[in-house]
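Residue numbers (the working numbering): 4 to 514.
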């Protein structure tokens, strides 16, 4: 009971009393979060949806055209998603896959089934670079079928195919693209936050795909899934390459079913990761030079955009993109083209730099962690991460995934100025872990859930943070919440719980 628990947590007579009280409050917080999520899930499932009947033979024919052989994990995920889509309720699923595991291919294969049913697909990405990249990938997947694909970003709109060249895309006016989307002529629309603006309307939006799901808030997701002119809920597939421990996935995304892509495509070599102390810097530069001489490209990641202000106290004294690019060009890689990329650049300038990098006109891209999400340049085989101790393990894993895009041997050099035992131990975990899921569990154990996935923004207490290291407790809280919501979805019989859930929902700002 709460009265006893409050006494025991503040003035325990023995250690077991204190532990029992902490467990009680841990369970309560996770249970309240789960109640809110299961309520959201039940509300969403009450809307009618599109039942998508699929001939798996045609889907397998589509996947056989991929430029690689689909893994068993991809095939399994595609079949699960398509089974969900043919059910009574709208699908709500999270597809979690390590960097380079082929989430985009799963999205394309399941989108094919929707398009074949004469319905529409919306694919939302967190950045313009990523939206353009997926637009180009979908053209490769769907070109042979003659399917029309639209791209909407704040910088402009594109449509495939072009009237002039059926194998290419063309720039078109926003008004024209919106008209074709609204009347259903364009079945696949890819874009950034621009997709959730009121002016974007669909005729029959049956499937919403959200890439790098953690970059969008719950309200942004909700606005996209309410885009239909009638009250028909589209199927929802959220995707993330950010490795998430199971307890955290069940808590943060308790309203979604979970699919894992836990295999890499055949032929990928494990990345060689080295921790580099200051006295070994020049040796690494020579190794990078050998890769550049072989025609490959490299990333150099810095924690800052500009140099720190020397007059400010407590300033973060680490290497910056702008100064590091100048230094490398002047004294290390004089013969190579070095580009810069960071979040303060205009979208058009970012796109221009990425285009030059993809085309090979830039040999080394000096950037902030803006390249963490989804940027795909298969010719890049080396990444140097400056101040690696400043990044979380999950983010470091994301960054090194940028060079896991081909069958060439890839290298990650984690530069650190810190020789402290704790920092080196963390970086050794990056070196030794087999995959991102293993790293995520290590990050949770070492740093806590707050730093790993922004959980502190939820207003979750330290007591509840402990619960996130206890899978059985999280699963028990989820089971109890699901059963209670099934019986009483509005919590009318539990007014105190109802108030707690409403207060919690107001506190949670994912945006």
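Quick reminder that beta carbons are idealized off the backbone N, C-alpha and C, glycines included. Predicted, not measured: the structure shown is a model, and the values here were computed from it.
Under the three-state DSSP convention, the category residue i falls into
{"i": "residue 355", "result": "helix"}
{"i": "residue 207", "result": "coil"}
{"i": "residue 469", "result": "helix"}
{"i": "residue 444", "result": "helix"}
{"i": "residue 23", "result": "helix"}
{"i": "residue 6", "result": "helix"}
{"i": "residue 454", "result": "Reliability fails at residue 454, whose pLDDT of 46 lies under 50, so the model's placement of it is uncertain and no value is given."}
{"i": "residue 37", "result": "helix"}
{"i": "residue 87", "result": "helix"}
{"i": "residue 506", "result": "helix"}
{"i": "residue 30", "result": "helix"}
{"i": "residue 460", "result": "Residue placement at residue 460 is flagged as unreliable, the pLDDT there being 45, under the threshold of 50; a coordinate-derived value is accordingly withheld."}
{"i": "residue 498", "result": "helix"}
{"i": "residue 43", "result": "helix"}
{"i": "residue 420", "result": "coil"}
{"i": "residue 407", "result": "coil"}
{"i": "residue 346", "result": "coil"}
{"i": "residue 362", "result": "coil"}
{"i": "residue 434", "result": "helix"}
{"i": "residue 200", "result": "coil"}
{"i": "residue 2", "result": "Residue 2 is absent from the model: the chain starts at 4 and stops at 514."}
{"i": "residue 62", "result": "helix"}
{"i": "residue 72", "result": "coil"}
{"i": "residue 105", "result": "coil"}
{"i": "residue 485", "result": "helix"}
{"i": "residue 439", "result": "helix"}
{"i": "residue 374", "result": "helix"}
{"i": "residue 335", "result": "coil"}
{"i": "residue 492", "result": "coil"}
{"i": "residue 330", "result": "helix"}
Opposing strand residues paired with residue i [DSSP bridges]
{"i": "residue 367", "result": "301 and 341"}
{"i": "residue 414", "result": "275 and 385"}
{"i": "residue 52", "result": "236"}
{"i": "residue 212", "result": "126 and 240"}
{"i": "residue 96", "result": "240 and 260"}
{"i": "residue 323", "result": "307"}
Classification of residue i by the beta-carbon crowding that lies within 10 angstroms, buried from 16 upward
{"i": "residue 87", "result": "buried"}
{"i": "residue 474", "result": "exposed"}
{"i": "residue 327", "result": "buried"}
{"i": "residue 89", "result": "exposed"}
{"i": "residue 355", "result": "exposed"}
{"i": "residue 115", "result": "buried"}
{"i": "residue 192", "result": "buried"}
{"i": "residue 496", "result": "exposed"}
{"i": "residue 237", "result": "buried"}
{"i": "residue 401", "result": "buried"}
{"i": "residue 417", "result": "buried"}
{"i": "residue 366", "result": "buried"}
{"i": "residue 59", "result": "exposed"}
{"i": "residue 396", "result": "buried"}
{"i": "residue 455", "result": "Because residue 455 sits at a pLDDT of 44, beneath the cut-off of 50, its placement in the model cannot be relied upon, and the following sentence gives the value as read from the coordinates. Buried, because 16 or more other Cβ atoms sit within 10 Å of the Cβ of residue 455."}
{"i": "residue 202", "result": "exposed"}
{"i": "residue 22", "result": "exposed"}
{"i": "residue 393", "result": "buried"}
Beta-carbon gap between residue i and residue j smaller than 7 Å
{"i": "residue 399", "j": "residue 445", "result": "no"}
{"i": "residue 73", "j": "residue 66", "result": "yes"}
{"i": "residue 413", "j": "residue 371", "result": "no"}
{"i": "residue 139", "j": "residue 195", "result": "no"}
{"i": "residue 391", "j": "residue 447", "result": "no"}
{"i": "residue 341", "j": "residue 332", "result": "yes"}
{"i": "residue 308", "j": "residue 347", "result": "yes"}
{"i": "residue 155", "j": "residue 197", "result": "yes"}
{"i": "residue 246", "j": "residue 97", "result": "no"}
{"i": "residue 415", "j": "residue 403", "result": "yes"}
{"i": "residue 251", "j": "residue 471", "result": "yes"}
{"i": "residue 24", "j": "residue 8", "result": "yes"}
{"i": "residue 28", "j": "residue 477", "result": "no"}
{"i": "residue 117", "j": "residue 47", "result": "no"}
{"i": "residue 101", "j": "residue 363", "result": "no"}
{"i": "residue 270", "j": "residue 410", "result": "yes"}
{"i": "residue 153", "j": "residue 180", "result": "yes"}
{"i": "residue 77", "j": "residue 105", "result": "yes"}
{"i": "residue 42", "j": "residue 488", "result": "yes"}
{"i": "residue 126", "j": "residue 212", "result": "yes"}
{"i": "residue 261", "j": "residue 302", "result": "no"}
{"i": "residue 123", "j": "residue 53", "result": "no"}
{"i": "residue 163", "j": "residue 189", "result": "no"}
Handout entry: Entirely enclosed alpha helix (DSSP H) segments - the stretch 244-320, minimum 4 residues
Key = 249-255 and 284-296
Handout entry: Unbroken stretches of the beta strand (DSSP E), 3 residues or longer, contained in the stretch 107-195
Key = 123-127, 152-156, 159-163, 173-175 and 191-194
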